[in-house]
Amino acid sequence: MSEISDLKVLNQNVKALRKEGYCAFIFDEIELQSFSERDRSKLIYAISLALGYPTPTDPRQGKLLWDVKARELPPGYFATFSEHSDRAELHTDTQYYPQPEDYFLLYTIRSARCGGGKSILCNAYEIKERLLETAEGAEAFKILSTHLFPFRIPTTFTQKGTVNSIETTLAPIFNEQSEQPFIRFRYDTLEKGFKVRPDLETPEARQALRILDHVLENKVNVLNYYLSDDSLLLCDNHRILHGRTSYLDSQRHLIRVRMSNNPNPVTSRHQPVASMAANGQP
Ligand SMILES: O=C(O)CCC(=O)C(=O)O
Ligand SMILES: [Fe+2]
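All residue numbers for the sequence shown refer to this note's numbering, where the first residue is 95 and numbers rise by one.
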């Protein structure tokens, strides 16, 4: 793999490897630790620019570099993975927005010293292959590719950011159209989405989700990787599921940046496909 210091070569190599089917890249010891926090942030931003157009994480502050660090949150707040230290089940990022970013990177400032906080990764094409091996899996794939699933937006990323802001985005889990994510998935946003859109919680959708869960638990290869300090993980957010094991060390700290291939993502994140008020009314 290329030296991270040569950003043009990094871009070319990542693009070429992506064409060959690679969807995650890990760079150990990228040597950003000796820089001040300010300069390190600038360098992470430069790396993200070499790979795409960095997007603001939240609609209010519009931060491009997001701290992945457990924090204290008010009761009733729908916390997202970057805000707590529990296990983050396999998911894609911003599956709750109409147009999830093509890539994201995670830079490890400080890994958890408790042995937890390991990254887990799983290729979405392998999930499809395993599903298609059985008749019921093939049926599930069809439903997962056509049914509109409601993904609820975590509180912090809603327009108002208050506990009674309830917004959902409707989309299939698999999508083979170009520009669209081949997979979008996150179990907890989906469960919370079903609570506000019970009309979309059909028996067929439930059964397809059960089969998908069985495949994820028993049939696909899941890579477990402990990202050490000063390492960088780059993922294709349209083709891989990622997650993290739980951790206890409150000092664990990562920086995340998401990048889109498109300077103006097709659908604005400020206009979710379907948006609901707290009382469930559109
Ligand atoms: O903490 C991690 O390693 C990953 C967090 C994550 O997946 C997220 O913030 O979306
Ligand atoms: Fe994530």
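Note that beta-carbon positions come from the ideal geometry of N, C-alpha and C, so glycine has one too. Since this is a predicted model, take the numbers as computed values, not measurements.
CA-to-CA distance, residue j to residue i, given in whole angstroms
i	j	result
Lys109	Cys117	10 Å
Asp100	Ser272	29 Å
Glu114	Leu226	22 Å
Thr249	Asp152	10 Å
His364	Gln253	Confidence is the limiting factor: at His364 the pLDDT is only 41, short of 50, which leaves the residue's position unreliable and the question unanswerable from this model.
Ser344	Tyr190	27 Å
Glu233	Ile305	10 Å
Leu167	His178	9 Å
Ala218	Ile124	28 Å
Leu342	Cys208	6 Å
Pro357	Pro150	12 Å
Ser259	Phe172	10 Å
Arg204	Val162	11 Å
Tyr197	Leu264	21 Å
Ala368	Leu294	Note that Ala368 scores a pLDDT of 38, beneath 50, so its modelled location is shaky; the value from the coordinates is reported in the next line. Near 13 Å, if we compare the C-alpha coordinates of Leu294 and Ala368.
Contact set for residue i: own chain, Cβ-Cβ below 6 Å, skip 5 residues either direction
i	result
Arg246	Thr262, Thr283, Lys286 and Gly287
Gly170	Val257
Phe121	Ile98 and Leu326
Pro148	Ser142, Leu158, Val351 and Met353
Cys216	Leu184, Val314, Val316 and Leu335
Check: residue i C-beta below 7 Å from any heavy atom of ligand 1
i	result
His336	yes
Arg350	yes
Phe175	yes
Ala229	no
Gly170	no
Gly287	no
Leu294	no
Val309	no
Val162	yes
Leu200	yes
Ser213	yes
Residue closest to residue i, alpha-carbon to alpha-carbon, out of the options
i	options	result
Ile277	Glu220, Glu177, Pro357 and Phe119	Glu220
Asp187	Ala164, Asp133, Ala144 and Tyr281	Tyr281
Lys212	Arg346, Ala229 and Phe251	Arg346
Tyr320	Leu126, Tyr201 and Pro357	Tyr201
Leu328	Lys163, Phe119 and Ser176	Phe119
Gly255	Gln155, Gly146 and Gln106	Gln155
Gln106	Glu131, Gln127 and Leu145	Leu145
7 Å Cβ shell around residue i - same chain, five flanking residues per side excluded
i	result
Arg291	Pro244 and Thr262
Leu159	Ser135, Ile138, Tyr139, Ile349 and Val351
Ile267	Leu238, Phe243, Ile277, Arg278 and Phe279
Thr361	Caution is warranted here: a pLDDT of 41 is assigned to Thr361, below 50, making its placement in the model unreliable, and the coordinate value is therefore given only provisionally. So the list reads Pro192 and Gln193, once near-sequence residues are dropped.
Asn318	Lys212 and Ile214
Same chain, Cβ closer than 8 Å to residue i, neighbours up to 5 away in sequence not counted
i	result
Val309	Ile221, Arg224, Leu225 and Gly231
Glu270	Ser239 and Phe276
Near ligand 2: residue i beta-carbon under 7 Å from a heavy atom
i	result
His185	yes
#### Entry: Three-pair Cβ contact test at 8 Å for the stretch 320-340 versus the stretch 181-197
yes
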